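Reviewing the structure listed below.
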Amino acid sequence: MHLLQTLLKTSSIPELWLVTRGSQSVLSNKENHITGLAASPLWGLGRVVSLEHPQLWGGLIDLDPQAPAADETEMLWELLANQQEEDHLALRGEKIYVARLVNKDTPEFSQPLSLSSDGSYLITGGLGALGLHTAQWLVKKGAKNIVLTGRRPPTEKVTESIKQIEETGCQVSVLLGDVSVEADIAKILEQIQTSMPTLKGIIHAAGVTGEIQLLQELELSKLEAILRPKVVGGWLLHQLTQKLELDFFVNFSSIASVWGSKGQAHYAAANHFLDGLTYYRRSLGTPSYSINWGPWSGGGMATGEAMNWLNQTGVKPLESEKAIAALNKVLVSNSPQTVVADINWRLFKELYELGGKRSFLEEISVYSEARDGERTEEEDKGEQNSLRQRLEAVTETQRRELLRQILQEEVAQVLGLSITNRPNPEVGFFEMGMDSLMTVELQKRLSKLLGVNLSSTLTFDLSNIEQLEKYIIDQHLVTVGLFEPETDKDEQKGDFLETNLLEEIEQSSDRELEGSIDKILESIIN
């Protein structure tokens with residue numbers, strides 16, 4: 041964290057690669073031991089770096105835990121020098137593996153899960169919304185003994201929910217303790233062992249999200265507070281139960297660990313440890329699962345601020361009934377890690393790839409259904425005709441001024457300003473306060489106006505309205521006859537400059553030329 045925050049304060053922008061050894065699962069077999077589990081949170085944190093600071097981002101590399109460090113040095117340097125598109129890499133032997141998120145095909149009718157009526161099931165964080173939903177689901181699957189843990193006594197509302205569960209004939213025990221404190225979790229497990237039926241399953245749902253904090257503002261104490269229940273708590277649960285014959289050990293993780301989430305580096309890091317712990321336990325032969333949940337409606341880990349941000353990026357809240365039903369499919373599958381989320385992939389991928397192409401999501405299908413609020417083709421065509429008619433109604437000299445005015449109005453509306461409050465065309469988009477969501481909105485508005493599919497990186501390639509105006513004229517309006525091409529003028533200007541430059545060179549002495557070259561080189565280096 042200190043290194044990252046120091047880099048963010050420097051004027052130079054180096055390329056940052058985070059390198060771990062044996063922290064990632066690559067091959068799905070028992071020989072695929074994760075030996076660097078403690079370093080796995082770096083991958084969650086790194087994914088947030090890629091979103092908050094794409095200009096700094098190089099990627100993530102996991103080295104082969106079986107290979108001597110000296111053998112990988114040359115391959116690593118070559119990889120860093122030549123890598124351009126992939127930013128999730130793992131070296132295993134002489135092979136280089138890349139990470140991909142893939143669609144998971146699930147049968148329409150999955151095998152029903154039946155739980156033991158004479159076993160106990162532990163839910164950490166069981167007094168929260170997710171924990172209670174999970175407890176209700178366990179009852180429907182046949183559980184008769186459930187243990188809910190939490191750091192504080194249940195509220196009146198939670199107590200009422202517990203009573204409703206008990207009315208079904210299920211015994212619910214509430215045991216207080218901090219899952220990240222070994223003495224607390226050991227005491228809870230001892231109580232289950234001595235006074236309850238045999239423990240058959242664990243669902244680790246404990247955790248806190250913390251407030252939204254960008255990386256440059258993230259304090260070490262805040263990072264540790266979010267890591268504790270997930271990392272320390274998850275590891276303690278593993279250590280203290282690894283000799284038990286459990287039917288399942290489920291980690292409630294988050295989509296934040298899969299592709300990052302702005303302002304949630306601490307949360308992404310914590311949950312990525314749980315993903316790694318799942319693979320680690322799998323390598324030991326124990327039935328373990330990690331579910332990367334999207335936000336839940338009516339409760340869950342996502343704060344109001346985070347939920348609002350997720351909604352804007354195409355991530356919609358899961359209905360609790362549908363979310364909890366996915367548990368059955370996960371537990372009857374053999375998949376160690378599953379993302380369960382309601383996502384508009386078209387919108388999400390556009391935002392995710394704003395800083396450049398990201399191969400991680402290239403195998404995810406982008407469905408063609410129109411989103412809520414999208415205008416019809418006829419409406420878009422009418423808007424294109426309207427723009428053309430407005431430009432055709434004035435002289436070419438006036439067209440440039442009119443086009444600039446239209447662009448200023450579009451930018452103003454995206455920024456939430458009055459259309460009469462026209463932004464300065466020479467001020468950069470991001471200096472105006474435009475964020476990644478706004479850039480996508482601007483790109484869509486202009487695409488509809490022009491009737492062409494403009495690049496989603498438009499505002500990264502063109503830094504202000506002035507540059508945008510020139511690009512639109514040269515690339516899209518000259519071809520339809522609304523503007524005259526400036527090619528001839530540019531060529532004449534280029535010829536004039538070239539002639540002048542040659543004359544200056546001919547008239548300069550060798551010493552003067554050397555001095556000029558030195559100045560040019562100095563300016564490039566500095």
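Going by this note's numbering, the first residue of the sequence shown is number 41, and it counts up by one from there.
Every residue, glycine too, gets a C-beta built ideally from N, C-alpha and C.
This structure is a prediction, so every number in the text was calculated from the model and none was measured.
State yes or no: is the beta carbon of residue i nearer than 8 Å to at least one beta carbon in chain B?
{"i": "residue 350", "result": "Going by chain labels, chain B is absent from the structure shown, which holds only one protein chain."}
Between residue i and residue j, which are expected to be in contact by the criterion C-beta below 8 Å, what is the C-beta distance as a whole number of angstroms?
{"i": "residue 280", "j": "residue 229", "result": "6 Å"}
{"i": "residue 489", "j": "residue 427", "result": "5 Å"}
{"i": "residue 62", "j": "residue 105", "result": "3 Å"}
{"i": "residue 41", "j": "residue 258", "result": "7 Å"}
{"i": "residue 252", "j": "residue 303", "result": "4 Å"}
{"i": "residue 186", "j": "residue 210", "result": "6 Å"}
{"i": "residue 201", "j": "residue 178", "result": "The Cβ separation is near 13 Å, so there is no contact."}
{"i": "residue 274", "j": "residue 324", "result": "Their Cβ separation, rounded to whole angstroms, is 14 Å, which puts residue 274 and residue 324 out of contact at 8 Å."}
{"i": "residue 311", "j": "residue 378", "result": "Going by Cβ atoms, the distance from residue 311 to residue 378 rounds to 13 Å, so no, they are not a contact pair."}
{"i": "residue 158", "j": "residue 108", "result": "The Cβ separation is near 51 Å, so there is no contact."}
{"i": "residue 399", "j": "residue 125", "result": "6 Å"}
{"i": "residue 102", "j": "residue 60", "result": "5 Å"}
{"i": "residue 138", "j": "residue 129", "result": "6 Å"}
{"i": "residue 499", "j": "residue 474", "result": "7 Å"}
{"i": "residue 301", "j": "residue 88", "result": "7 Å"}
Within the same chain, show all residues whose beta-carbon is closer than 7 Å to that of residue i, passing over the 5 residues directly before and after it, in chain order.
{"i": "residue 431", "result": "439, 442, 443, 522"}
{"i": "residue 504", "result": "465, 466, 467, 468, 469"}
{"i": "residue 224", "result": "217, 218"}
{"i": "residue 532", "result": "The pLDDT assigned to residue 532 is 48, lower than 50, so where the model puts this residue is not dependable, and the model offers no usable value."}
{"i": "residue 411", "result": "Annotation note: pLDDT 42 at residue 411 (below 50); position unreliable, coordinate value reported separately. The answer, listed in chain order, is 384, 387."}
{"i": "residue 330", "result": "291, 293, 314, 315, 318, 376, 377"}
{"i": "residue 226", "result": "280"}
{"i": "residue 525", "result": "518"}
Provide the residue span of the alpha helix (DSSP H) that contains residue i, from first to last.
{"i": "residue 106", "result": "Taken as a continuous stretch (DSSP letters only), residue 106 belongs to no alpha helix (DSSP H), as it is neither H nor E."}
{"i": "residue 567", "result": "Because the chain is modelled from 41 through 566, residue 567 falls outside the range shown and cannot be assessed."}
{"i": "residue 42", "result": "42-49"}
{"i": "residue 173", "result": "169-180"}
{"i": "residue 499", "result": "498-501"}
{"i": "residue 218", "result": "Premise fails: residue 218 is in no alpha helix (DSSP H) and is neither H nor E."}
{"i": "residue 202", "result": "196-206"}
{"i": "residue 273", "result": "273-281"}
{"i": "residue 265", "result": "260-267"}
{"i": "residue 437", "result": "436-454"}
{"i": "residue 76", "result": "From DSSP, residue 76 is part of no alpha helix (DSSP H); its letter is neither H nor E."}
{"i": "residue 391", "result": "385-392"}
{"i": "residue 463", "result": "First-last for residue 463: undefined, no H or E at that position."}
{"i": "residue 86", "result": "81-92"}
Between which residues of its own chain and residue i is the CB-CB distance below 6 Å, once the five residues before and five after are set aside?
{"i": "residue 464", "result": "none"}
{"i": "residue 99", "result": "57, 127"}
{"i": "residue 513", "result": "523"}
{"i": "residue 85", "result": "305, 309"}
{"i": "residue 322", "result": "328, 376"}
{"i": "residue 155", "result": "181, 182, 183"}
{"i": "residue 140", "result": "403"}
{"i": "residue 529", "result": "With a pLDDT of 47 at residue 529, under the threshold of 50, the modelled position of that residue is not reliable, and the figure given next carries that caveat. Nothing listed; no residue qualifies."}
{"i": "residue 220", "result": "268, 269, 272, 273"}
{"i": "residue 511", "result": "502"}
{"i": "residue 81", "result": "309, 312, 313"}
What does DSSP give as the partner residues of residue i in its beta bridges?
{"i": "residue 211", "result": "185"}
{"i": "residue 97", "result": "56"}
{"i": "residue 511", "result": "Looking at the DSSP assignment, residue 511 forms no beta bridge with any residue, so it has no partner."}
{"i": "residue 253", "result": "304"}
{"i": "residue 162", "result": "187, 242"}
{"i": "residue 61", "result": "103"}
{"i": "residue 504", "result": "468"}
{"i": "residue 380", "result": "333"}
Quick check on the DSSP output: the beta strand (DSSP E) that includes residue i runs from which residue to which?
{"i": "residue 294", "result": "288-294"}
{"i": "residue 130", "result": "128-132"}
{"i": "residue 138", "result": "135-138"}
Going along the chain, which residues of its own chain have a beta-carbon closer than 8 Å to the beta-carbon of residue i, five neighbours each way excluded?
{"i": "residue 337", "result": "357, 358, 359, 360"}
{"i": "residue 445", "result": "462"}
{"i": "residue 54", "result": "47, 96"}
{"i": "residue 416", "result": "Only weak support exists for where residue 416 lies, its pLDDT of 45 falling under 50; the value from the coordinates is given anyway. Cβ neighbours of residue 416 beyond the five flanking positions: none."}
{"i": "residue 407", "result": "Confidence is the limiting factor: at residue 407 the pLDDT is only 48, short of 50, which leaves the residue's position unreliable, though a coordinate-based value still follows. These residues qualify, in order along the chain: 385, 386."}
{"i": "residue 413", "result": "Bear in mind that the predicted position of residue 413 carries a pLDDT of just 42, short of 50, making it too unreliable to give a figure here."}
{"i": "residue 192", "result": "167, 216"}
Problem - Unbroken stretches of the beta strand (DSSP E), 3 residues or longer, contained in the segment 301-376 - result: Listed in chain order, the complete beta strand (DSSP E) runs (minimum 3 residues) inside the segment 301-376 are 328-333.
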